[in-house]
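Below you'll find the structure, written out as structure tokens, and then a few comments.
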Amino acid sequence: MTRDPDWLLDGLSALQREHLLRPRRRVQPLGPGRSRIDGHDVIDFSSNDYLGLARDSRLTRAAAGVPAGAGASPLVSGRSEHYCQLEHDIAEFEQAEAALLFPSGFAANLGTVPALVSNGDAVFSDRLNHASLIDGCRLSRARLYVYHHTRLDQLEHQLAKAADAPRRLIVTDGLFSMDGHLAPLESLCQLANSYDAMLLVDEAHATGVLGQHGRGSCESLGVEDQVTLRIGTLSKAVGAAGGFVVGSRALVDYLWHHARTQVFSTAIPPATCAAASKALELIQLEPNRRTHLEQLARQLRQHLNDLKLDTPAGVGPIVPVIVGSATAALEASRLLAEKGLFVPAIRPPTVPGGSARLRISLSAAHSQNDVEQLAQALQSIRCEELSVDE
Ligand SMILES: *Cc1c(COP(=O)(O)O)cnc(C)c1O
49 MTRDPDWLLD GLSALQREHL LRPRRRVQPL GPGRSRIDGH DVIDFSSNDY LGLARDSRLT
109 RAAAGVPAGA GASPLVSGRS EHYCQLEHDI AEFEQAEAAL LFPSGFAANL GTVPALVSNG
169 DAVFSDRLNH ASLIDGCRLS RARLYVYHHT RLDQLEHQLA KAADAPRRLI VTDGLFSMDG
229 HLAPLESLCQ LANSYDAMLL VDEAHATGVL GQHGRGSCES LGVEDQVTLR IGTLSKAVGA
289 AGGFVVGSRA LVDYLWHHAR TQVFSTAIPP ATCAAASKAL ELIQLEPNRR THLEQLARQL
349 RQHLNDLKLD TPAGVGPIVP VIVGSATAAL EASRLLAEKG LFVPAIRPPT VPGGSARLRI
409 SLSAAHSQND VEQLAQALQS IRCEELSVDE
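Start counting at 1 in the sequence shown, then tack on 48, and there's your number in my numbering.
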């Protein structure tokens with residue numbers, strides 16, 4: 049083995065000094081909403097398994113006996129029967145003309161943005177967008193305009209400045225993953241229309257969760273027909289793995305040839321496709337998962353308001369409690385862990401400096417009693433640790 053260079057060891061020391069080292073935890077599944085994390089049994093409020101499907105035995109059974117590997121990129125020979133079925137199931141679930149699969153949601157964003165815009169074009173991105181959209185924008189080499197979170201007056205100014213670009217693309221999270229609120233999609237659609245821009249909405253946290261049929265933030269705000277394309281993941285509420293794009297048939301045909309993370313990466317394993325198809329079926333057959341989750345989210349938000357904790361207004365299962373410093377967030381998370389509740393501390397660079405937070409992820413696998421227990425624990429630690437004004 050070669051000797052580790054100083055910059056590498058110094059980099060790790062710096063993370064430690066700034067309380068930004070991230071543990072590599074080991075997680076074992078227990079009962080609904082529960083995990084054994086590094087040997088401690090906890091109610092798990094860290095997972096994006098919003099509908100409680102990731103550990104559902106019906107998904108495991110659907111995948112049983114199905115090959116574990118695809119063998120090649122979808123363009124070469126990796127498009128198995130289960131893969132084709134899943135594309136069909138996604139397009140149908142999403143009420144879209146066509147769907148295209150990617151190895152992950154991250155890969156979907158990273159491959160799609162550079163396929164749509166490049167040198168000389170312009171791309172517009174909300175400052176709080178997910179890392180995969182940010183990286184997709186950078187990789188595209190289009191002129192990048194970052195607008196302050198939901199500041200549409202600034203976006204409009206930027207769109208006007210880029211009127212000469214051959215193509216314009218606005219990219220946004222639908223449901224923002226660290227704050228739990230929706231993008232102003234109606235206004236974004238109007239701007240996209242006025243300035244002849246494409247609009248890409250990342251539904252990663254909203255698929256299966258928001259909207260009357262669970263299609264996500266665009267459904268819940270009634271703008272599905274006005275966005276150019278929607279990107280989703282099969283790894284959160286759907287409980288499996290993989291990413292997808294839905295849009296027009298022509299758009300999907302174009303991405304099939306041009307989205308490099310799909311062209312040059314092995315297709316999602318057939319077993320994973322089978323599990324995801326089963327999950328999409330269950331999401332439609334069991335809408336009570338979604339309504340139960342909504343109820344839990346309302347219950348928790350009500351408690352946090354009563355406790356006067358700093359929680360941004362929002363919808364859906366992501367409920368942050370802003371704490372401030374990285375050390376305060378870590379300490380709050382540690383105190384909750386002592387009470388058998390796992391709520392991760394989210395620190396910079398995932399969120400802007402000074403806005404470290406607890407991020408509570410609810411799941412349909414939780415009970416009302418789990419939420420009560422969490423609210424009580426937050427109440428008992430708030431005086432000591434959470435920076436709230438009395
Ligand atoms: C999680 C996430 C992704 C990445 O999806 P994976 O399937 O986990 O790679 C992309 N965008 C957003 C907004 C996400 O939250």
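Every residue gets a Cβ at the ideal spot worked out from N, C-alpha and C, and that includes glycine.
Predicted, not measured: the structure shown is a model, and the values here were computed from it.
| field | Rounded C-alpha distance that separates H196 from H178 | value | The straight-line gap from Cα to Cα measures roughly 14 Å.
| Thinking C-alpha only, which one of R405, E342 and C237 is nearest P368? | When each option's Cα is compared against that of P368, the closest is R405.
| request: In the DSSP assignment, find the beta strand (DSSP E) that holds A92 and state where it starts and stops. | output: According to the sequence provided, residue 92 is Asp. The question's Ala does not apply to it. If you look at D92, you'll find it in the beta strand (DSSP E) that goes H88 to D92.
| query | Can you check whether the CB of S268 is closer than 9 Å to the CB of L282? | reply | Cβ distance not < 9 Å, so L282 and S268 don't count as in contact.
| query | Between the beta-carbon of L303 and the beta-carbon of T276, is there less than 9 Å? | reply | No, these two residues do not count as a Cβ contact at 9 Å.
| task | Starting from the N-terminal end, write out each residue whose C-beta falls within a distance shorter than 6 Å of any non-hydrogen atom of ligand 1. | result | This criterion selects S152, G153, F154, N157, H178, S180, D221, S225, D250, A252, H253, T281, S283 and G291.
| field | Inter-stretch contact at 8 Å, needing at least 3 Cβ pairs: the segment 306-317 / the segment 134-150 | value | Yes, since at least three Cβ pairs between the segment 306-317 and the segment 134-150 fall closer than 8 Å, the two stretches touch.
| With C-beta atoms as the reference, is L99 less than 9 Å away from S411? | Contact check for L99 against S411 passes: the beta carbons are separated by less than 9 Å.
| query | Which residue's Cα is closest to the Cα of G364: G159, N417 and R338? | reply | The shortest Cα separation from G364 among G159, N417 and R338 belongs to R338.
| query | Nearest to S185 by CA position, among D169, L200 and L348, is which residue? | reply | As written in the sequence, residue 185 is Cys, which differs from the Ser given in the question. Shortest Cα-Cα distance from C185 to any of D169, L200 and L348 involves D169.
| field | beta strand (DSSP E) segment containing I138, residue limits | value | That residue, I138, is in no beta strand (DSSP E); its alpha helix (DSSP H) goes E129 to F141.
| query | DSSP puts P368 in a beta bridge; with which residues? | reply | Looking at the DSSP assignment, P368 forms a beta bridge with R407.
| query | Is the number of C-beta pairs between the segment 333-348 and the segment 161-175 that are closer than 8 Å three or more? | reply | No, because fewer than three Cβ pairs between the segment 333-348 and the segment 161-175 fall closer than 8 Å, the two stretches do not touch.
| Is P400 helix, strand or coil by DSSP? | The DSSP-derived three-state label of P400 is coil.
| For the beta strand (DSSP E) that L57 lies in, which residues bound it at each end? | It is not in any beta strand (DSSP E) - L57 instead sits in the alpha helix (DSSP H) that spans D54 to R65.
| query | How would you call S105, buried or exposed, if buried means at least 16 neighbouring beta carbons within 10 angstroms? | reply | The Cβ neighbour count for S105, taken over all protein chains shown within 10 Å, is under 16; the residue is labelled exposed.
| N-terminal and C-terminal residue of the beta strand (DSSP E) that I218 is part of | Where I218 is concerned, the enclosing beta strand (DSSP E) stretches over R216 to D221.
| Collapsed DSSP secondary structure at S166 in the structure displayed | DSSP places S166 in coil when its eight states are reduced to three.
| request: Please say whether S180 and L158 have beta carbons closer to each other than 9 Å? | output: In contact: L158 and S180 (Cβ atoms closer than 9 Å).
| For N328 versus I138, is the C-beta distance shorter than 9 Å? | It should be noted that the sequence gives Leu, not Asn, for residue 328. Yes. Within cutoff.
| said: Using a Cβ-based criterion (distance less than 8 Å to any ligand heavy atom), does L164 qualify as near ligand 3? | reply: For ligand 3, the structure offers nothing, since it holds only ligand 1.
| query | Is P77 helix, strand or coil when you go by DSSP? | reply | P77 falls in the strand class under three-state DSSP.
| Can you tell me the Cα-Cα spacing of D89 and A393, whole angstroms? | If you take the alpha carbons of D89 and A393, they lie about 18 Å apart.
| request: Could you tell me whether the Cβ atoms of S95 and A102 are closer together than 9 Å? | output: Going by C-beta atoms, S95 is nearer than 9 Å to A102.
| request: Report buried or exposed for A156, applying the criterion of at least 16 other Cβ atoms within 10 angstroms of its Cβ. | output: Counting the other CB atoms within 10 Å of its CB gives A156 a total of 16 or more, which places it among the buried residues.
| said: What residue range does the alpha helix (DSSP H) around Y193 cover? | reply: Element bounds for Y193: not the alpha helix (DSSP H) but the beta strand (DSSP E), R191 to Y195.
| Segment limits, beta strand (DSSP E) that includes D250 | Bounds of the beta strand (DSSP E) holding D250 are M246 to D250.
| query | What is the rounded straight-line gap between the Cα of L341 and the Cα of L200? | reply | Roughly 31 Å separates the two Cα atoms.
| field | Per DSSP, cross-strand counterpart(s) of G291 | value | According to DSSP, G291 shares a beta bridge with F150 and T281.
| The alpha helix (DSSP H) spanning I182 covers which residue range? | Looking at the DSSP string, the run of the alpha helix (DSSP H) that includes I182 is A179 to S188.
| field | Between the CA atoms of F292 and A252 - distance to the nearest angstrom | value | CA-CA distance, A252 to F292, rounds to 10 Å.
| query | Would you say N167 reaches chain D, if we count a Cβ-Cβ gap shorter than 9 Å as a contact? | reply | Among the protein chains of the structure shown there is no chain D, as only one such chain exists.
| From what residue to what residue does the beta strand (DSSP E) around S83 run? | Note, S83: beta strand (DSSP E), R82 to I85.
| message | For V391 and N241, I'd like the C-alpha separation in whole angstroms. | response | So the two alpha carbons sit approximately 41 Å from each other.
| query | With 16 as the cutoff for other CB atoms within 10 Å, does L56 come out buried or exposed? | reply | Result: exposed.
| Using CA coordinates, which residue listed in T320, A285 and Q133 is at the minimum distance from I366? | Comparing alpha-carbon positions, the option among T320, A285 and Q133 lying closest to I366 turns out to be A285.
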